[in-house]
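Peer 1:
Protein chains: 2
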Amino acid sequence: MNQQQFSSGLLENAVQEFSKLPGIGRKTALRLVLHLLRQPENEVEMFGNSVISLRRDIKYCKKCHNISDTETCLICANQARDGETICVVENIRDVMSIENTQQFRGLYHVLGGIISPMDGVGPSDLEIDSLIKRVQNDNVKEVILALSTTMEGDTTNFYIFRKLAPLEVKITTIARGVAIGDELEYADEITLGRSILNRVEFTNSFK
Amino acid sequence: MNQQQFSSGLLENAVQEFSKLPGIGRKTALRLVLHLLRQPENEVEMFGNSVISLRRDIKYCKKCHNISDTETCLICANQARDGETICVVENIRDVMSIENTQQFRGLYHVLGGIISPMDGVGPSDLEIDSLIKRVQNDNVKEVILALSTTMEGDTTNFYIFRKLAPLEVKITTIARGVAIGDELEYADEITLGRSILNRVEFTNSFK
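Taken in order, these protein sequences are the chains called C and A. Going by the working numbering, the letters in the first sequence line up with residues 53 to 259, in that order. Going by the working numbering, the letters in the second sequence line up with residues 53 to 259, in that order.
#1: Quick one: using the 10 Å Cβ neighbour count with 16 as the cut-off for buried, is residue 208(C) buried or exposed?
#2: Which of helix, strand or coil does DSSP assign to residue 72(C)?
#3: Below 8 Å CB to CB, which residues in the same chain sit around residue 174(C) once its five sequence neighbours on both sides are set aside?
#4: How long is the line joining the alpha carbons of residue 91(C) and residue 137(A), rounded to whole angstroms?
#5: Give every residue of the same chain whose Cβ lies closer than 6 Å to the Cβ of residue 120(A), excluding the five residues on either side of it in the sequence, and list them in chain order.
#6: Nearest by alpha-carbon distance to residue 185(C): which of 221(C), 99(C), 71(C) is it?
#7: Can you tell me whether residue 149(A) is buried or exposed, with buried defined as 16 or more other CB within 10 angstroms of its CB?
#8: Going along chain C in order, which residues have a C-beta closer than 9 Å to the C-beta of residue 74(A)?
#9: Would you mind listing the beta strand (DSSP E) stretches within the region 117 to 205 of chain A that are 3+ residues and don't spill past its ends, in chain order?
#10: For residue 196(C) versus residue 153(C), is the C-beta spacing smaller than 8 Å?
#11: Measure from the alpha carbon of residue 102(C) to the alpha carbon of each residue in 117(A), 72(A), 116(A), 129(A), then state which is nearest.
#12: So, residue 252(A) versus residue 243(A), is the Cβ gap smaller than 8 Å?
#13: Using 8 Å for Cβ pairs, my map puts residue 108(A) next to residue 237(C). What's the rounded Cβ distance?
#14: Just checking: is the beta-carbon of residue 253(A) within a distance shorter than 8 Å of some beta-carbon in chain C?
#15: Cβ atoms of residue 76(A) and residue 96(C): under 8 Å apart, would you say?
#16: Helix, strand or coil: how does DSSP classify residue 223(A) here?
#17: Would you be able to state if there are at least three C-beta pairs under 8 Å between the region 122 to 136 of chain A and the region 187 to 205 of chain A?
#18: Residues of chain C with CB closer than 9 Å to the CB of residue 173(A), please, in chain order.
#19: Quick one: what's got a C-beta closer than 6 Å to residue 246(C)'s C-beta in the same chain, skipping five residues either side?
#20: Could you please give the first and the last residue of the uninterrupted alpha helix (DSSP H) stretch that includes residue 233(A)?
#21: Taking a cut of 7 Å between CB atoms, which residues from the region 119 to 138 of chain A lie near chain C?
#22: Looking only at C-alpha atoms, which of 199(C), 68(C), 250(C) sits nearest to residue 141(C)?
#23: Output the distance between the C-alpha atoms of residue 211(C) and residue 204(C), rounded to the nearest integer angstrom.
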């Protein structure tokens with residue numbers, strides 16, 4: 053089905069556009085496009101315009117750089133949240149993941165990536181300076197580093213740590229260990245090793 | 053992740069639109085939308101406009117009802133094709149599938165469905181009358197019925213057969229049997245039974 057030319061250039065065009073999406077091959081693209089072709093014209097317009105206006109009108113919160121419809125995002129604007137704690141994440145998906153847990157009531161800071169010399173991403177490409185400024189000006193008591201545990205993540209963690217060290221702020225990182233529900237024998241050695249080193253005092257939460 | 057509200061209404065909207073596509077859940081929709089968000093604005097516009105203009109500007113060939121950019125589709129307009137043979141199919145995907153085999157050089161006739169009383173689809177909802185007219189007027193020598201072998205397909209086949217019977221036209225149906233490369237022991241009994249009934253004379257194609 054790969055090099056097939058459809059009998060319609062419009063169809064060919066739409067299928068090609070869908071095929072550019074990650075994980076969507078030509079067959080799936082065709083299925084999706086034919087589905088849209090069967091929908092009422094106004095619904096297809098709503099579909100097309102939703103992505104166009106998203107890309108055109110989306111804003112990034114000037115405080116935390118999270119995705120937003122307004123200058124300041126809903127999280128930063130929410131007075132009920134704890135402005136003294138900032139959780140540093142790589143991208144907006146991480147914000148969504150943590151928000152989903154409903155365990156964090158502080159604010160975020162989206163770096164927009166991590167330091168990666170291989171990909172040509174240096175500290176100046178990330179929102180690190182604005183993080184330092186927030187810590188200096190906004191009465192921040194704790195910065196939680198929630199980056200991935202890769203070489204790049206560790207480098208970024210260390211860079212931020214060094215920048216924040218002179219300031220009076222507590223710096224923490226999210227706990228790493230064996231996932232809840234996982235069996236020890238299937239945990240990788242590094243995770244298991246670290247979870248022993250970073251053991252915490254036992255509290256009976258059923259009490 | 054199901055009932056999650058994103059921090060942006062625009063994002064929420066785009067994700068909802070993508071989730072309406074068949075086989076695309078909310079998580080996949082979010083992944084696709086975030087991918088589009090990282091693309092240049094003009095590329096996202098091309099994506100959105102490609103589906104809008106497809107839906108708005110698409111035509112159906114007035115002769116065979118296949119999808120087309122023009123009044124008459126490229127297949128019907130192609131003088132090199134055999135206008136005396138018409139292959140009757142259910143939908144445009146079937147045209148694509150048969151075209152992909154590169155084994156058929158005749159023309160098509162897209163019914164736009166099959167007779168299905170359960171779904172309220174009767175003969176008048178399908179392009180059957182226009183098929184009869186083509187056979188009467190266009191010097192058609194053979195009509196190949198290539199509908200699915202379901203109750204509905206058989207009903208439609210029989211209906212068309214009865215309509216065409218008074219006309220001087222050969223009516224055939226595509227061969228059903230054990231798929232090439234399939235082992236007999238795994239073929240279903242109906243297919244295997246029919247492939248024995250409809251056996252063909254052996255020709256050594258390697259000669």
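C-beta atoms are modelled at their ideal positions from N, C-alpha and C, and glycine is treated no differently. Only a predicted model underlies this, so the values are computations on that prediction, with no experimental measurement involved.
Peer 2: So, from the data block:
#1: In the first sequence, the residue the question calls residue 208(C) occupies position 156. Looking at its Cβ environment, which holds 16 or more other Cβ atoms inside 10 Å, residue 208(C) is buried.
#2: Taking the first sequence and counting its residues from 1, one reaches residue 72(C) at position 20. Three-state DSSP puts residue 72(C) in coil, outside helix and strand.
#3: Taking the first residue of the first sequence as 1, we reach residue 174(C) at position 122. Counting only Cβ-Cβ distances below 8 Å, and skipping sequence neighbours, we find 167.
#4: Within the first sequence, numbered from 1, the residue matching residue 91(C) stands at position 39. Within the second sequence, numbered from 1, the residue matching residue 137(A) stands at position 85. Those two C-alpha atoms are separated by around 32 Å.
#5: The sequence position of residue 120(A) within the second sequence is 68, counting from 1. Non-local C-beta neighbours of residue 120(A) in its own chain, meaning closer than 6 Å and more than five positions away in sequence, comprise 111, 113, ordered along the chain.
#6: For this step, residue 185(C) is matched to residue 133 along the first sequence. It is 221(C) whose Cα lies nearest to the Cα of residue 185(C).
#7: The residue you call residue 149(A) lines up with position 97 of the second sequence. The residue in question, residue 149(A), is exposed, as its Cβ has fewer than 16 Cβ neighbours within 10 Å.
#8: By one-based count along the second sequence, residue 74(A) stands at place 22. Within 9 Å Cβ-Cβ: 83, 84, 87.
#9: 134 to 141, 158 to 162, 194 to 197
#10: As a working mapping, residue 196(C) is identified with position 144 in the first sequence. As a working mapping, residue 153(C) is identified with position 101 in the first sequence. No; because the gap between Cβ atoms is not below 8 Å, this pair is not in contact.
#11: Position 50 of the first sequence, counting from 1, holds the residue named residue 102(C). When only C-alpha atoms are compared, the closest one is 72(A).
#12: Counting from one through the second sequence, the residue named residue 252(A) turns up at place 200. Counting from one through the second sequence, the residue named residue 243(A) turns up at place 191. No; because the gap between Cβ atoms is not below 8 Å, this pair is not in contact.
#13: Along the second sequence, read from residue 1 onward, the residue named residue 108(A) stands at position 56. Along the first sequence, read from residue 1 onward, the residue named residue 237(C) stands at position 185. Taking C-beta atoms under 8 Å as the contact rule, residue 108(A) and residue 237(C) fail to qualify, at a distance of about 59 Å.
#14: Translated into the one-based positions of the second sequence, residue 253(A) becomes position 201. No, its Cβ sits nowhere closer than 8 Å to a Cβ of chain C.
#15: By 1-based counting over the first sequence, the position of residue 96(C) is 44. By 1-based counting over the second sequence, the position of residue 76(A) is 24. Contact flag unset, no.
#16: Working through the second sequence from its first residue, we reach residue 223(A) at position 171. DSSP places residue 223(A) in strand when its eight states are reduced to three.
#17: Three or more beta-carbon pairs drawn from the region 187 to 205 of chain A and the region 122 to 136 of chain A are found closer than 8 Å, and the two stretches are therefore classed as touching.
#18: Here residue 173(A) refers to the residue found at position 121 of the second sequence. Those within 9 Å of residue 173(A) in chain C number zero; the least Cβ separation is about 14 Å.
#19: In the first sequence, residue 246(C) corresponds to position 194, counting from 1. Excluding positions up to five away in sequence, the list reads 228.
#20: On the second sequence, position 181 is the one that residue 233(A) refers to. Residue 233(A) -> no alpha helix (DSSP H), and no H or E assigned at all.
#21: 119, 120, 121, 125, 126, 127
#22: The sequence position of residue 141(C) within the first sequence is 89, counting from 1. For the options 199(C), 68(C), 250(C), the alpha carbon positioned closest to that of residue 141(C) is the one of 199(C).
#23: On the first sequence, position 159 is the one that residue 211(C) refers to. On the first sequence, position 152 is the one that residue 204(C) refers to. Approximately 10 Å, taken between the alpha carbons.
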